Amino acid sequence: MSALSQSNRRLISHRYAGHAVIDGVDMIMLGSNDYLNLSLDKRVIAATLDAMDVYGTGVGIYPVLATTDLHVELCKSIAVFLGTEAAVLYSSGGAANSGVLTALVEPGDIIISDRLNHASIIDGCRLSRADVIAYENRSVEKLREALEQAGPRRRKLVVTDGIFSMEGGAAPLLEIYKLAREHDALLVVDEAHATAVIGPGGTGTAPMCGLPNSSHGLLLTGSLSKALGGASGGFVAGSQDLIDELQSKSRSWIFTMGMTTANAATALAALNIVTTDKEPLQQLWLNVQHLRESFRFYGLSFYESDSAITGLRVGDEDRARKLASDLRSRGIFAPAIAYPIVARGESRLRIQVSSGHSVDDIERAAATLGELMS
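Following this note's numbering, the residues of the sequence shown are numbered contiguously, the last one being 476.
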């Protein structure tokens, strides 16, 4: 993150369930996106090793020229899981966002973007050369005003995070979708922190809001590096015609090696677990609930969240950084999020538990925070 200097980055030398050895110290890890602990699952690791035996670390060819059965199966599995017609793989979730925004709009078109969208969306908007209007975070009324301001265009595109990663709140996608349809705009939703975590069976923000992922004019982007095994990779899922358009125009898909076979095997094995074994998701939400109940017990204030992200309110930048440092000295890693990542005076600790944390881990972390913030 831009607010961290290279000298402040920590060195991870080992990981196990809910913990990491950081700078030589065993710590409770509360800063990882590995929500379902699947990057450490023996089934996922075995599938990755099997793929490396067959393909090596990767096949070394652009996906526009050739692919593998692993990549084909992963695309089909993502589409089936989400209930869309098709999916396409990218090297990362950020590459998926920029790939969509630079391929589907051009000069003379317009993108209407939530002002707190992920940096990869903001960068994709700039690279698209389309006109861009930013609207107030999760405000349906401000989105309506922006759509009316846009007027007639060849193509209008509304883009929003499904889950906003700094607070964990969800976009009101049903209302946003209805507005987009009224104005003949395509809706693109970044599901990086939602896929396999929220919504029915982990199918995402739109289903949680009562909007099927298969809805006409809805396109999903996402990351495979979080709940789905932790390996690098991203995807776009939607109608077959939009996926075909991306595969013919998207430069970050055409001019890249894309996902390695090892990463594809990791994500495929993780997705298979998500669809057949409900225990990791259930345990995650039990842990999230226990964390928040513990925070309330100690009088700790946190942002309202629809996701597994819990933003602990701190406020002052220096206090947030000192708090994170004090936690590390006590064997707990919880990153401070400060300006310019968030507005001045709105610093917080971004707490992320996983299904791999124990009750003792959670209670120790909450009690330590309660003591430090009293």
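Virtual Cβ for every residue (Gly too), placed ideally from N, Cα, C.
Every value quoted in this text rests on a predicted model; they were computed, and no experiment measured them.
- residue 280, DSSP secondary structure in three states: In the structure shown, residue 280 sits in a helix (DSSP, three-state: H, G or I).
- Task: Check whether the Cβ of residue 382 lies closer than 9 angstroms to any Cβ atom in chain C.
- Result: Looking for chain C here will not work: only one protein chain is present.
- What number of angstroms, rounded off, separates the C-alpha of residue 200 from the C-alpha of residue 471? Rounded to whole angstroms, residue 200 to residue 471 spans 38 angstroms at the Cα level.
- Message: Let me make sure I understand the geometry here. Which of 262, 187, 189, 140 has the alpha-carbon closest to that of residue 218?
- Response: For residue 218, the closest alpha carbon among the candidates 262, 187, 189, 140 is that of 262.
- Say yes only if the C-beta of residue 235 is nearer than 8 angstroms to one or more non-hydrogen atoms of the ligand MG, and no if none qualify. Absence of the ligand MG from the depicted structure is noted, as is the absence of any ligand whatsoever, leaving it without description.
- Query: In whole angstroms, what separates the C-alpha of residue 336 from that of residue 447?
  - Reply: In a straight line, the C-alpha of residue 336 is about 33 angstroms away from that of residue 447.
- Task: Taking only the alpha-carbon atoms, compute the straight-line gap between residue 445 and residue 268 and give it to the nearest angstrom.
- Result: Their backbone Cα atoms lie some 11 angstroms apart in a straight line.
- In this structure, does DSSP put residue 295 in helix, strand or coil? Looking at residue 295 - three-state DSSP - the assignment turns out to be coil, as it is neither helix nor strand.
- With a 10 Å radius around its C-beta and 16 neighbouring C-beta atoms as the bar for buried, classify residue 363 as buried or exposed. With a threshold of 16 other beta carbon atoms within 10 Å, residue 363 meets it and is buried.
- Message: Taking the beta carbon of residue 390 as the centre, do at least 16 other beta carbons fall within 10 Å, making it buried, or is it exposed?
- Response: When all chains shown are included, residue 390 counts as buried.
- Determine the burial state of residue 461: buried for a count of at least 16 other Cβ atoms within 10 Å of its Cβ, exposed for fewer. Counting Cβ neighbours within 10 Å, residue 461 comes out exposed, since fewer than 16 surround it.
- Item | Cβ neighbours of residue 112 in the same chain (closer than 6 angstroms, five flanking residues each side left out) | If we look at residue 112 and ignore the five residues flanking it on each side, its Cβ neighbours are 124, 125.
- Just tell me which of 258, 323, 328, 165 has its CA closest to the CA of residue 209. Closest in alpha carbon position to residue 209, among 258, 323, 328, 165, is 258.
- Message: Can you confirm whether the region 302-309 touches the region 432-446 when touching is taken to mean that 3 or more C-beta pairs between the two stretches lie within less than 8 angstroms?
- Response: The region 432-446 makes no contact with the region 302-309; the number of CB pairs closer than 8 angstroms stays below 3.
- Item | Nearest residue (CA-CA) to residue 256, options 421, 296, 177, 206 | Comparing Cα-Cα distances from residue 256 to each of 421, 296, 177, 206, the minimum goes to 206.
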